[in-house]
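Asker: Can you read through this structure? Questions will come right after.
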Amino acid sequence: MKIESLTLERYGAFTDRVLTFAPDATLHIVHGANESGKTSALSAIGDLLFGFGARTAYNFRHDNNALRIGGTLRHSDGRQLVIRRRKGTKNTLLDLRDQPLPDETLTPWLGGLARETFDREFGLTAESLRQGGDDLLKAGGRLAETLAASSAGMSALAQLRERLQREADELFTPRRAGSKAFYVAADQRETADRLLRDSIVTREALRQADEAVRDAEAELDRLNAAHGDSGRMLTRWQRTLRVRSKLARLDAIAAELQALADLPAVTPAALTEWRNALATDEEIARELARLDDADRDDASDIAGLAVNEPLLAAQAAIEALRERTGAIRKDFEDLPRRRQARDAAQAALDDSARRLGLPSHVALLERLPADPAQALARDLIARRKQTDTTIADSSRRRAEVQRELDDFLADHAAMPSLSDPAQLKQRFDALGDVAGEVHRLRRDTAALKIETDALAAAAEALDPSPGSFERLRALALPDAALIDRFARDFAQNEAAARQLTATLATIDDAIAAAESDLRRLSEAGTMPGRTDLTAARQQRDHHLAALRGVLDGDAATRAARLSDVVRSSQEIDSITDLLLSDTERATRHEDAQQRLAAHRAERERVTAKLAEAQTARITIHKAWDEAWAPLRITPRSPADMARWRDRAADVQRRLALLDRQRAGIDALAADVDAARNATAAFLESVGRSADRALPADTLHREAALYLDEARAAWAEAKARSVNRQRIERDLRAADTALADARRSREELLRAWPAAMAGIALADTASVAEAEAALAVWQDVAVPKASHERETRSVRTMEADIAAFERDVAALADRIAPALKAASALDTVSRMWTELDGSRRANDARQRLHQAAAQRTASRQRLSARHDANALVLTQACEALRCSDRAALRGALDRAEARQMLQAEETQLRRDLDETADGRDEATLRQEREGIDLDLLPGEIERERVRQSQLLQDIAAASAVLQQKKSERDTLLQGRDANAAASERAQASAELLSIAQTWLLRAAAARLAGRAIERHRARMQDPLIARAGDLFAAASDSAFAGLVIDYGDDDQPELKARRSDGERVGIAGLSEGTRDQLFLALRLALLDRRAAEPMPFIGDDLLTSFDEARTLATLRLLAAGGSQRQIILFTHHRHVIELARTVSDHRIDCVAL
Amino acid sequence: MRFSFIHAADLHIDSPLAGLGVKDKAVAERFARAGRRAVEALVAETIASQAAFLIIAGDVFDGDWKDVTTGLFFVRAISALHRAGIPVYIVKGNHDAESVMSRDLPYPDTVHVFPSNKAASLHLDSHRVTLHGRSFPHRLTGDFVQTYPARRDGWLNIGVLHTALDGTRGHEGYAPCSIDDLKTFGYDYWALGHIHAAEIVSREPWIVFPGNLQGRSVRETGAKGAMRVTVEDGRIVEVTPLPLDGARWDHLRLDVSATADEASVLSMIDAALAQAHAGAANRPLAVRVTLVGTTPLHNRLVARRDDLQDELRANGFRIAEDCWVEQLKIRTAAPLRAPQALSAPDSLDIDALLREAADDPDFAVTIERLIKDIEDKLPKDLRDELRASDVVAALGDDARALLAGALS
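Top to bottom, those sequences are chains A and B.
Per this note's numbering, the first sequence runs over residues -10 to 1141.
Per this note's numbering, the second sequence runs over residues 448 to 855.
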């Protein structure tokens, strides 16, 4: 097949471009510069022959719907075909009138090729040529790989094989390597195995844990007991040590009391009373002496005191003057400062007068303007300035808005008017949720298919098979009761048959037993029976009759008959002897024979019954089959058929559901179809062409896009209108603001003269002058107030000082002229000092008189106490038999000593009782016996150390017990063996998965290798010969051809052969030569195709060739063009020029 | 009087689920804990429904499972029934018989385990129910059913039996017997165990397999649980399945003959996956997807299996975090090529070359060698599994399809 012309109607950048290929040319060279569209033209050939793919890169100028390619084709048998191709999903092949051609029209023209194969085998680019050359180098001459590399398809297979082998090797190699996924997974699985083993809690482990807990408890109990014993011993020893000194003291007290036994008994209260009376007597004597001494001292002090009575009388007046001295002193300090402040304020006022052009501060204060006048002037000044600013701003604003309006009108003068798309939106909304319906339809269809398949599987699983779905649907299933009835019949029949069979087996056993008995009885010798005897007798009678018949005959005959008789008689005798001699055996034998006969008869009867049961079974079976005959089904057992019926009924029920589901889907499909038509009509109504072959949701999306665009345009137009209204409104507002400002300014100018007069300025004063005058008037207020305040203060102070000096002089003249001084303040100070001394002396004299009176009263109370105490002391002397107070004191000391010893003894016994842990004194003394008290502290210390060690041991044992209990509890909770088992299962699955993945990849790699090898075996000889010729031509006879050598490993290896016979390996060829070899191999492969010859299309193939080999290759391609059409695309002008030098072939140069 | 009881069997507590290939530890743990959750659900359901008693017809434990804490877990779980005053009747199955760890478990008083030396009858006076049963004494037991006692007239008679029945349901033939054998006893209800697929074998009398409590592999798909049996005036009036499983398996076999491209295949699987997840009622779901049918996409599907599987797993996660696609299996077939295409003298027909190479008996030898290579390195227990896998069975065809698909 040849391409005679290619029409790029609307394709990529092309529009109505026609490439014509001369029919008589053997090589077509399409020439075009870069960016001229060579790649587009190349792709267009494939799209024309095989159709556009789902996506295309050539719709950037023309829409998908508009894309068109055309072409004229010529078959090798001479037929011509003119076709066109559009982009779409079906009916893409068109004739010249745009009518669809059948899809199979091109099939006989394409030699059974698919698009991919055509691109791969019949297309060659500069890049793929270079890649091919590199692949040859990579194959290293190995023939199989080299031949594979020379075919695009086989090359891909070879690369795939390498990839798969690489992937397989990464997963697993028989030689262990830790990094391989398989071995990693194997290790993980081993770890999981170990973890599982460790996680299992066995009965033995639990038993050991219990035992460990028991041992730990026993050890703890033992240590606790030892600790208890030690504690008790330590307590006893410590008690002994504790009471040791108390017992010794009790012994000593007993001895001392013995020495005081001569004293009379005296109560502790009497003893205390007497001791107190003795002490009181001594105390009264001491107190009386002290009172006498005080009387003498006070009399002496009173005599030494001096008091100024006149001053004391005038002390109120003196105090009043002293209170005024603070204020007078402050006046003296402040007066100079006040006078200075007054003078400074006056100077400031004079300065302000000068600034306003007035003679002095007096004139200034006379013309001082009131606050309202100043406020009025200030207000007018501010308003005049604001009005001027407003006028300037308004003028500028108006100019800007006017400019904006002019620009807007210039920009949007030619904008079209649009209509509101709201109605369009309502129409679009009326289409409904088309995408949702389409999605639902697809989903429901898929679900329907799944359920249909499941039902088919369920129906197919029905055994016996009811046939097709439709048949199953129509089946009237038998009543379950009927099946039950048959089940019972079958069961009864089978039970009867089983019983009969069992009976038969029993009878057979009995027969076998009887036969066995007979055999056993016969083993001891032949055991004739009565039957035998009867038969022998009958035989004898027969022989006697025969003898009787020949009595008249010859002797020999008689002798023979007699001999028969004798033998018969002997037989009878023998039987008779046996019957007589072994009666028991005979009886048994006879019995066995009878039993055998009876059993056999019974067997016949049972066999007949069994046959009847079997006949009945056949009858039931027949009825059973007939019951199912209407369903045309051969039934299984009733139990099976009961299940069958349930399942069939379930399938029927689901079939009914399926029908409803299908009806729903049909309705949905109809809705979707209607929605597609409605959407298409919508699109057409707005001037868009709608392809009704497209899915409804696609059309719906297209309509939605259109609606979005229309709404966006409408929104933009509305925004423009609003903007213009705003600008015009702004312009009007600017005009109004300017007029208002000018009006305000005129009003202010009218009020100006009156305001200036108020602040002592002329009518013509400017705004600046007015502002300066206002500033001066503002400065006057502060110095004015200061001047007035300070003048008042100075006058008041001077009056206060004069009045004080008058009052002081008058008082001093009246009561103490001697105390007058130079200043009034000093005079007051002297009078105050004198007054203070007189007041202190007077106070001391009064206190001394009061003390003397109190001492007189005390002396009287002491005398009364002394008399009462003397009476008590007298009683004590009598009781203790003492002559005087000194003897009484000694007796009292001894009695008190005895009393203290008795108290100590009592206290000791109480202490002993409290510290003896409940033991009495006798027991304590007993406990002490046998103990060396001197060694006892050492013993106690040793026991304490031992006890401390025991405590440590107990703590450790307790910890061990807790640990063992914890371990047991952990065991009881489990070690999550379930999770470990799960992990092991996961690891196993992972390992198995890797093994399976490896197997598949390794097997595929091996299979690819075998296919490549087969290819080599098949192609080797003829292909190498043809490729050799082509290679010689392409290399401009630098090489004579190709040969096959065998390497050290006996593997065939491809080499190039020079004219002188030298063989060059692939690695020894230059890059360009390898490209030529690859081209030769590729063309040789194409020559072997027997199907319709397809065009070979090359794209810039000759870039790596030198000039001579380019020319040689052009000749080679031109020569090959007689077999198949060859089209070469190039952007190299020298290729065209070289082609034009070829005269022995017709080369067609086509400009793009 | 109306009451109900629960009939369960084949708990196989702590028997691990088949390897799922889940990488997410939290999700893997949810699957791993499913068995125990199912046991807890059984107990909770029994209490919540105020059942009169619970029957467990064998195989509470797995035979070769040695972790004693599994037994303690069961005792803890079942003690809740004791506290609720609900008695439990158990026969030991073949797995229990060989289970070392389950011997001498400290069951509460209300848990009755039938003896193994002979069949026994236990009576529940409050409901006028008699239960007949016998535990497996050891793993292999022949004549067994024949030893069961006669019915007690006037009472509801329940036979508790661990049996493979007539052996047609695919499990090992323990305590073989026929349906008719069971019918001869005149019991009202046969509470069977051992077969892991739930089935109401008969309605007169009721002969029921509740199935196992938790599916453990893709061979045990769909809802798993127990049966609630309702009794009214001494007659069984209703038997209702109770789904109690803690995780669920599903196997979607999808015919892709009619699908045009890979995207349609994925859409079909997604729809089926969503449907399966909806049916699992928010349980963790492990789904195996097997594509079947004759399709031109066959080679491409084989070549892209790993990528498609990853995509499906991602889609599963979009449905729910524990909706896991366990495996994608491609069991489709390529359409036969036209005869003329096969015989065309086209030396570059790679498909034909691959086909010829694959059909070469030497290739089978190569495959066997590869299998042997990796088999030698596998742990012993996985070798048989590898041999039995359908990957090995279809290795030659899949290798060819992979190459053709990758080249297309």
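Don't be surprised by glycine CBs; every beta carbon is placed ideally from N, CA and C.
1) Measure from the C-beta of Phe161/A to each C-beta in chain D and report whether the shortest distance is under 8 Å.
2) Who are the Cβ neighbours of Glu165/A in its own chain at under 7 Å, not counting the five residues just before and after it?
3) Return the Cβ separation of Ala137/A and Ala147/A in integer angstroms, given the expectation that the two are a contact with Cβ distance under 8 Å.
4) In whole angstroms, give me the CA-to-CA distance for Ser790/B and Leu1012/A.
5) Does any residue of chain B have a CB that is nearer than 8 Å to the CB of Arg192/A?
6) Is the Cβ of Ile453/B closer than 8 Å to any Cβ of chain A?
7) Restricting to runs no shorter than 4 residues, where is the alpha helix (DSSP H) found entirely within the region 588 to 634 of chain B?
8) Taking only beta-carbon atoms, is Lys671/B less than 8 Å away from chain A?
9) Indicate whether at least one CB of chain B lies closer than 8 Å to the CB of Glu979/A.
10) For Asp187/A and chain B, any beta-carbon pair shorter than 8 Å?
11) Measuring only the C-alpha atoms, how far is Gln593/B from Val538/B?
12) What's the call for Val684/B, buried or exposed, on a 16-neighbour Cβ count within 10 Å?
13) Does any C-beta atom of chain B lie closer than 8 Å to the C-beta of Ile(-8)/A?
14) Would the region 522 to 540 of chain A and the region 463 to 477 of chain A be scored as touching if the rule is three or more Cβ pairs under 8 Å?
15) Can you confirm whether Trp226/A, when its beta carbon is compared against all beta carbons of chain B, has any partner nearer than 8 Å?
16) Less than 8 Å separating the beta-carbons of Leu1031/A and Arg1046/A?
17) Roughly how many whole angstroms lie between the Cα atoms of Thr224/A and Ala250/A?
18) Counting only Cβ-Cβ distances shorter than 9 Å, please list the residues of the region 828 to 843 of chain B near chain A, keeping chain order.
19) Compare the Cα-Cα distances from Lys565/B to each of Asp590/B, His574/B and Tyr554/B and report the closest residue.
20) Can you list, in chain order, the residues of its chain whose CB lies under 7 Å from that of Ala1080/A, leaving out five sequence neighbours each side?
21) Roughly how far, in whole angstroms, is the beta-carbon of Glu(-2)/A from the beta-carbon of Phe10/A, given that I think they are within contact range, below 8 Å?
22) Per DSSP, Ile(-8)/A forms a beta bridge with which residues?
23) How many Å lie between Ala853/B and Ser711/B at the Cα?
24) Helix or strand or just coil, what does DSSP make of Lys954/A?
25) So with CB distances below 8 Å, who are the chain B contacts of Ile609/A?
26) Where do the N-terminal and C-terminal ends of the beta strand (DSSP E) with Lys776/B fall, by residue?
27) Could you check whether His745/B and Thr871/B sit closer than 8 Å to each other, using their CB atoms as the reference points?
28) Measure the alpha-carbon distance for Arg318/A versus His776/A and round it to whole angstroms.
29) Taking any Cβ of chain A, which residues in the region 714 to 725 of chain B have a Cβ under 7 Å from it, in chain order?
30) Secondary structure at Tyr47/A, three-state DSSP: helix, strand or coil?
31) Count Cβ pairs between the region 231 to 238 of chain A and the region 979 to 990 of chain A that sit closer than 8 Å; are there 3 or more?
32) For Glu773/B, count neighbouring C-beta atoms within 10 Å of its own C-beta (all shown protein chains included) and say buried if the count is 16 or more, exposed if not.
33) Identify the residues that DSSP records as bridge partners of His1123/A: which are they?
34) Using a C-beta to C-beta distance shorter than 8 Å, which residues of chain B count as neighbours of Ile496/A?
35) Work out the CA separation of Ala944/A and Ala911/A for me, nearest whole Å.
36) In three-state terms, what does DSSP make of His401/A?
Answerer: Walking through what the data contain:
1) Note that chain D does not occur in the displayed structure, where the protein chains are A and B.
2) Your numbering for residue 165/A matches position 176 in the first sequence. In the sequence on display, residue 165/A carries Arg and not Glu. Only Tyr172 meet the Cβ criterion.
3) Stepping through the first sequence from its first residue, residue 137/A is reached at position 148. Stepping through the first sequence from its first residue, residue 147/A is reached at position 158. With 8 Å as the limit, Ala137/A and Ala147/A qualify as a contact, their Cβ atoms being about 4 Å apart.
4) As a position in the second sequence, residue 790/B is number 343, starting the count at 1. As a position in the first sequence, residue 1012/A is number 1023, starting the count at 1. Any answer about Ser790/B is weak, because its pLDDT of 39 lies below 50 and its placement is not dependable; what the coordinates show is given next. If I take the Cα positions, the gap works out to 20 Å.
5) Residue 192/A sits at position 203 when you count from the first residue of the first sequence. Yes, Arg192/A lies at the interface with chain B (some Cβ there is under 8 Å from its Cβ).
6) Locating residue 453/B in the second sequence gives position 6, where the first residue counts as 1. No, Ile453/B does not count as interfacial toward chain A.
7) 626 to 630
8) Position 224 of the second sequence holds residue 671/B. Judged by the 8 Å Cβ criterion, Lys671/B is not in contact with chain A.
9) Taking the first residue of the first sequence as position 1, residue 979/A is located at position 990. Yes, Glu979/A lies at the interface with chain B (some Cβ there is under 8 Å from its Cβ).
10) In the first sequence, the residue the question calls residue 187/A occupies position 198. Taking a beta-carbon distance threshold of 8 Å, Asp187/A does not count as an interface residue toward chain B.
11) Start at 1 with the first residue of the second sequence, and residue 593/B comes out as number 146. Start at 1 with the first residue of the second sequence, and residue 538/B comes out as number 91. Taking the straight line joining both Cα atoms gives about 16 Å.
12) One-based indexing of the second sequence puts residue 684/B at position 237. When all chains shown are included, Val684/B counts as exposed.
13) Sequence index remark: in the first sequence, residue -8/A carries index 3 (1-based). With its beta carbon at least 8 Å from every one in chain B, Ile(-8)/A lies outside the interface.
14) no
15) Along the first sequence, one-based indexing puts residue 226/A at 237. No, Trp226/A does not count as interfacial toward chain B.
16) Residue numbering aside, residue 1031/A sits at position 1042 when the first sequence is read from its first letter. Residue numbering aside, residue 1046/A sits at position 1057 when the first sequence is read from its first letter. The answer is yes: Cβ separation under 8 Å.
17) Looking up residue 224/A in the first sequence gives position 235. Looking up residue 250/A in the first sequence gives position 261. The alpha-carbon atoms of Thr224/A and Ala250/A are separated by roughly 39 Å.
18) Asp828, Leu829, Glu832, Leu833, Ser836, Val838, Val839, Leu842 and Gly843
19) The residue you call residue 565/B lines up with position 118 of the second sequence. Minimum Cα distance to Lys565/B is reached at Asp590/B.
20) Indexing the first sequence from 1 puts residue 1080/A at position 1091. The answer, listed in chain order, is Gly100 and Gly101.
21) Along the first sequence, one-based indexing puts residue -2/A at 9. Along the first sequence, one-based indexing puts residue 10/A at 21. Between Phe10/A and Glu(-2)/A the Cβ distance is about 17 Å, and since that is not below 8 Å, they are no contact.
22) Within the first sequence, numbered from 1, the residue matching residue -8/A stands at position 3. Answer is Leu62/A.
23) In the second sequence, residue 853/B corresponds to position 406, counting from 1. In the second sequence, residue 711/B corresponds to position 264, counting from 1. So the alpha carbons of these two residues sit roughly 19 Å apart.
24) In the first sequence, the residue the question calls residue 954/A occupies position 965. Looking at Lys954/A - three-state DSSP - the assignment turns out to be helix.
25) Stepping through the first sequence from its first residue, residue 609/A is reached at position 620. The premise fails here: Ile609/A is roughly 15 Å from chain B at the closest Cβ pair, so nothing lies under 8 Å.
26) Counting from 1 along the second sequence, the entry for residue 776/B is found at position 329. From DSSP, the beta strand (DSSP E) with Lys776/B extends over Cys770 to Ala780.
27) Outside the shown range of chain B (448 to 855) lies residue 871/B, about which nothing can therefore be said.
28) One-based indexing of the first sequence puts residue 318/A at position 329. One-based indexing of the first sequence puts residue 776/A at position 787. Straight-line Cα distance between these residues: approximately 25 Å.
29) Ser714, Met715, Ala718, Ala719 and Gln722
30) Counting from one through the first sequence, the residue named residue 47/A turns up at place 58. In this structure, Tyr47/A counts as coil in the three-state DSSP scheme.
31) no
32) As a first step, residue 773/B must be located in the second sequence, where it is residue number 326. Buried is the call here.
33) Within the first sequence, the letter at position 1134 stands for residue 1123/A. DSSP output for His1123/A lists no bridge partner at all.
34) Residue numbering aside, residue 496/A sits at position 507 when the first sequence is read from its first letter. Near Ile496/A there are no residues of chain B at all, since even the closest Cβ is about 22 Å away, more than 8 Å.
35) One-based indexing of the first sequence puts residue 911/A at position 922. One-based indexing of the first sequence puts residue 944/A at position 955. So the two alpha carbons sit approximately 39 Å from each other.
36) The residue you call residue 401/A lines up with position 412 of the first sequence. DSSP places His401/A outside both helix and strand once states are collapsed to three, so it counts as coil.
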